[in-house]
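*Asks:*
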């Protein structure tokens, strides 16, 4: 770690020494392409004479017209074709690299707080929970795993980085850093018809820098500060000739937690690692499994996140209709965050080492992409059964056809994913999968885009998918959109969309026995997958309105209603008690300790979610030196057929039904009755011989207990952001932002946990020493509002970092 610090210090010294020389170099050399690719923030940095030159080069008559171009950036994720943001048929946000850097966001996840409709909560330093429009913690009252967002598809240049083993996105495993980003495009609402399964609540597509951005040979951003935090990225990009471009980038992050302690659910408090290793419940049973090694499981309890990545690319562009891009990269990550297992403590480690190759081509209307990711992922470090070799192949071919006012885009897609834990098991049966498990997805899609008039547009996107574990079934998704442009400054859209999740391998292929003989009952837990489940599906209706009341203000209003069904859960099926018994005289008597086995399987549950909500986004370029942006989302989620009984309460009731002791000291239950029946029927021999008595309870909550119109409080009623970007001089810029959310209540199988409303004030002050070097101080949560943002995990204190941004 000291070497990293010395490298950073050396780089800073080297850069500072270049300031004097850099200040004497020539101007920026504006071109029309460069002006139109610049953000409003970049324009505000320009000296007055350069700003006037930019207006002339862009071919507009005033600064207001130039700002109109900048507020109306191009986006591709909403329709798979480039169009300006104002005309996008879906609820879409484009977040530029410059906006991210100027905001002071220290990671891609934190930058999502700048996007309307996205709720972001920090778990441990640098590790975040990211949801589009909420719908989180459904189903509740179960494993902490169900808090993970498994309904948003995250992509890098349209390459899915979704985790098909457990579901969701492992953000720390993204191989890119902030310096790789050109922009982030976010589409809110079901988008499976465009991008496939798991684009249920929306899509986040991270677009890396293309050759039009490669005006600097070497660039980087490095910062360090509180909680032993070090963040850096470095990039080399070269235009070899007019057709060939190459690049190499790298990134590194190290962040410590605000505590070394671990939260234990049933004790409802934090303990040190050594205390946790020795901790016992009120019955004298150990919480920590003595078969595990706590020094492996929590090797560095102070570490929140460490990751690094390297990426390389080569682009060849023969013409606008013929181009090919090949990229590849590697990442390593190690974090301590919310557990993905059934752990007494809320936090556990995750470690990943993966690489990827991505080939993209555009050949006379054919849009072709094929990529492969492979490596090793350990979802629960130190616990056998969670470490896997993995591979994920995606291949897509689409073709653009145009028939006057009708655009047609057919496509086919193939996805193949495998996870294999065989190499990491001490014996068969101790892993979730116990060998190689594979999921193959075949899909066909069609997108129709029809302009009935210059102002009236209809869009229809359809997709159907076949999953290998259900070969006879095809699952459809769709988007139906009507859009009417009232005039150049007002645009109305209506969307009806449906998307579904894919199956996850842990849900369909689990085949695991957890030996708990050194822990409280049950002695064994059997986990079984289910290949016959229906896929979680979300239907949405949305009304959107965009307006530009003036040329420097953009307003975007979204009103939406969604209903979700076919949620899945790991639920108790039954409990079995088996023990040797014999007749001692005339009395049936146990001849040994009973063995209790719980059987868990994955299943659909009848709960249905109903969400209504609205988001409002405002972008206001006040003048060349002052920009304001704000967004707010309000929502309410209700559940029908909500089961108020927790997983552990079901297990407890089943165990009670099997065997319990009455107040008078006599035993009672299904097991006792079975032992009595065997005694009466002569099936129990006289001691010392014995027979095995076995009984099972499959009790389940009665549907009469289920609740309708139940208010789901895990998603806050409101959240949003307001930011001011002010540049008082050509050298100094000040960005301040307040991100806030309302009260929320999280529920798992152990407890309910209230997260109170919170406001996070951030500020970044930058000094532009030269065209090549900017120095800054970055304050995150500067009011030190350190209350927890995510249930059962760390407090989030304020942080101060200092850094440099350079380019040559």
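Residue numbers (my numbering): 1 to 808. Heads up, the beta-carbon is just placed ideally off N, CA and C, and yes, glycines get one too. Being a predicted model, the structure only gives us computed values, none of them experimental.
(1) With the cut-off set at 8 Å, would you say residue 519 and residue 285 are in Cβ contact?
(2) With a threshold of 7 Å on Cβ separation, who are the neighbours of residue 506 within its own chain once the five nearest residues in sequence on each side are excluded?
(3) CB-CB under 6 Å to residue 734, same chain, minus the five flanking residues each way: which ones, in chain order?
(4) Report all residues from its chain with a CB closer than 6 Å to the CB of residue 798; omit the five preceding and five following residues, and keep chain order.
(5) What are the boundary residues of the beta strand (DSSP E) that includes residue 273?
(6) Grouping DSSP H, G and I as helix and E and B as strand, with all else coil, what is residue 516?
(7) Ends of the beta strand (DSSP E) at residue 806?
(8) Just to confirm my understanding: we take residue 23, look at its own chain, exclude 5 residues before and 5 after, and list those with CB closer than 6 Å. What are they?
(9) Just to confirm, is the Cβ distance from residue 399 to residue 409 under 8 Å?
(10) For residue 802, count neighbouring Cβ atoms within 10 angstroms of its own Cβ and tell me buried if that reaches 16, exposed if not.
(11) Applying the criterion that 16 or more other CB atoms from any shown protein chain within 10 Å of the CB defines a buried residue, is residue 125 buried or exposed?
(12) Assuming contact is defined by CB atoms lying nearer than 8 Å, are residue 758 and residue 795 in contact in what I supplied?
(13) Thinking residue 617 and residue 556 are a contact (beta carbons under 8 Å), I'd like their distance in whole angstroms, please.
(14) Under a Cβ-count criterion, where at least 16 other Cβ atoms within 10 Å of its own Cβ denotes burial, should residue 549 be classed as buried or exposed?
(15) Taking the beta strand (DSSP E) that residue 546 belongs to, which residues open and close that run?
(16) For residue 291, which residues from the same chain have a beta carbon less than 8 Å from its beta carbon, with the 5 sequence-adjacent residues on both sides left out?
(17) Under 6 Å Cβ to Cβ from residue 805, same chain only, skipping five residues before and after it: list those, please.
(18) Terminal residues of the continuous beta strand (DSSP E) containing residue 134?
(19) Fully enclosed by the segment 427-460, which alpha helix (DSSP H) runs are 4 residues long or longer?
(20) Are the Cβ atoms of residue 499 and residue 538 separated by less than 8 Å?
(21) Residues in the same chain with beta-carbon distance under 6 Å from residue 48, minus the five sequence neighbours each way, listed in chain order, please.
(22) Among the candidates 95, 450, 691, 741, whose CA atom is the shortest distance from the CA of residue 635?
(23) Between the segment 313-322 and the segment 263-275, are three or more C-beta pairs nearer than 8 Å?
(24) State the DSSP-derived secondary structure class of residue 313, mapped to helix, strand or coil.
(25) By DSSP, does residue 470 sit in helix, in strand, or in coil?
(26) Put residue 120 into one of helix, strand or coil per three-state DSSP.
(27) For residue 614, write down the residues that DSSP places opposite it in a beta bridge.
(28) Measure the alpha-carbon distance for residue 523 versus residue 281 and round it to whole angstroms.
(29) What number of angstroms, rounded off, separates the C-alpha of residue 27 from the C-alpha of residue 553?
(30) Could you compute how far the alpha carbon of residue 357 sits from the alpha carbon of residue 94?
(31) From the DSSP output, read off the bridge partner residues of residue 478.
(32) Around the Cβ of residue 453, are there at least 16 other Cβ atoms within 10 angstroms (buried) or fewer (exposed)?
(33) Taking residue 141 as the reference, which of 762, 746, 756 has the closest Cα?
(34) Can residue 87 and residue 491 be called in contact, C-beta distance under 8 Å?
(35) Where residue 228 and residue 446 are concerned, what is the direct C-alpha to C-alpha distance, given to the nearest angstrom?
(36) Would you say the segment 188-197 touches the segment 145-159, given that touching needs at least three Cβ pairs under 8 Å?
*Replies:* Per the coordinate set shown:
(1) Start at 1 with the first residue of the chain shown, and residue 519 comes out as number 519. Start at 1 with the first residue of the chain shown, and residue 285 comes out as number 285. Their beta carbons are under 8 Å apart, which means residue 519 touches residue 285 by this criterion.
(2) As a working note, residue 506 is residue 506 in the chain shown. So the qualifying residues of the chain are 165, 166, 432.
(3) Taking the chain shown and counting its residues from 1, the one referred to as residue 734 is at position 734. Taken in chain order, the residues that qualify are 726, 765.
(4) Along the chain shown, read from residue 1 onward, the residue named residue 798 stands at position 798. Counting only Cβ-Cβ distances below 6 Å, and skipping sequence neighbours, we find 781, 782, 784.
(5) Position 273 of the chain shown, counted from the start, is the residue given in the question as residue 273. From DSSP, residue 273 is part of no beta strand (DSSP E) but of the alpha helix (DSSP H) over 273-278.
(6) Against the chain shown, residue 516 aligns to sequence position 516. Reduced to three states, the DSSP call for residue 516 is coil.
(7) Counting from one through the chain shown, the residue named residue 806 turns up at place 806. From DSSP, the beta strand (DSSP E) with residue 806 extends over 799-807.
(8) The residue you call residue 23 lines up with position 23 of the chain shown. With a pLDDT of 36 at residue 23, under the threshold of 50, the predicted position of this residue should be treated as unreliable, though the coordinate-derived value follows. If we look at residue 23 and ignore the five residues flanking it on each side, its Cβ neighbours are 770.
(9) Here residue 399 refers to the residue found at position 399 when the chain shown is read from its first residue. Here residue 409 refers to the residue found at position 409 when the chain shown is read from its first residue. Yes, they are a contact pair.
(10) For the purposes of this step, residue 802 is taken as residue 802 along the chain shown, with counting starting at 1. So residue 802 ends up on the exposed side.
(11) As a first step, residue 125 must be located in the chain shown, where it is residue number 125. Classification of residue 125: buried, given that the 10 Å Cβ count is 16 or more.
(12) Residue 758 sits at position 758 when you count from the first residue of the chain shown. Residue 795 sits at position 795 when you count from the first residue of the chain shown. Result no, Cβ atoms of residue 758 and residue 795 do not sit closer than 8 Å.
(13) Position 617 of the chain shown, counted from the first residue, corresponds to residue 617. Position 556 of the chain shown, counted from the first residue, corresponds to residue 556. That pair is a contact at about 4 Å.
(14) Taking the chain shown and counting its residues from 1, one reaches residue 549 at position 549. Its Cβ having fewer than 16 others within 10 Å, residue 549 is exposed.
(15) Mapped onto the chain shown, residue 546 falls at position 546. Start and end: 537-547.
(16) Walking along the chain shown from the start, residue 291 turns up at place 291. Cβ neighbours of residue 291 beyond the five flanking positions: 515, 518.
(17) Indexing the chain shown from 1 puts residue 805 at position 805. Only 221, 774 meet the Cβ criterion.
(18) The residue you call residue 134 lines up with position 134 of the chain shown. Neither: residue 134 is in no beta strand (DSSP E) and is coded neither H nor E.
(19) none
(20) Mapped onto the chain shown, residue 499 falls at position 499. Mapped onto the chain shown, residue 538 falls at position 538. The answer is yes: Cβ separation under 8 Å.
(21) Along the chain shown, one-based indexing puts residue 48 at 48. Here residue 48 scores only 48 on pLDDT, less than 50, and its place in the model should not be relied on; the value that follows carries that caveat. Once the five neighbours on either side are set aside, residue 48 has no close Cβ partner at all.
(22) For the purposes of this step, residue 635 is taken as the residue at position 635 of the chain shown. Closest by alpha carbon: 741.
(23) no
(24) Locating residue 313 in the chain shown gives position 313, counting from the first residue. Strand, per DSSP.
(25) One-based indexing of the chain shown puts residue 470 at position 470. Of the three classes helix, strand and coil, the one that applies to residue 470 here is coil, per DSSP.
(26) What you label residue 120 is simply residue 120 of the chain shown in a count that begins at 1. Looking at residue 120 - three-state DSSP - the assignment turns out to be strand.
(27) As a working note, residue 614 is residue 614 in the chain shown. Its beta-bridge partners are 559, 634.
(28) Walking along the chain shown from the start, residue 523 turns up at place 523. Walking along the chain shown from the start, residue 281 turns up at place 281. Cα-Cα distance, rounded: 17 Å.
(29) Walking along the chain shown from the start, residue 27 turns up at place 27. Walking along the chain shown from the start, residue 553 turns up at place 553. With a pLDDT of 39 at residue 27, under the threshold of 50, the modelled position of this residue cannot be trusted, and the question is left open.
(30) Residue numbering aside, residue 357 sits at position 357 when the chain shown is read from its first letter. Residue numbering aside, residue 94 sits at position 94 when the chain shown is read from its first letter. The alpha-carbon atoms of residue 357 and residue 94 are separated by roughly 26 Å.
(31) As a working note, residue 478 is residue 478 in the chain shown. Per DSSP, 462, 498.
(32) Taking the first residue of the chain shown as 1, we reach residue 453 at position 453. Under this definition residue 453 is an exposed residue.
(33) Translated into positions along the chain shown, residue 141 becomes position 141. The shortest Cα separation from residue 141 among 762, 746, 756 belongs to 746.
(34) Here the question's residue 87 lines up with position 87 in the chain shown. Here the question's residue 491 lines up with position 491 in the chain shown. Yes, they are a contact pair.
(35) Numbered from 1 along the chain shown, position 228 holds the residue referred to as residue 228. Numbered from 1 along the chain shown, position 446 holds the residue referred to as residue 446. About 50 Å.
(36) yes
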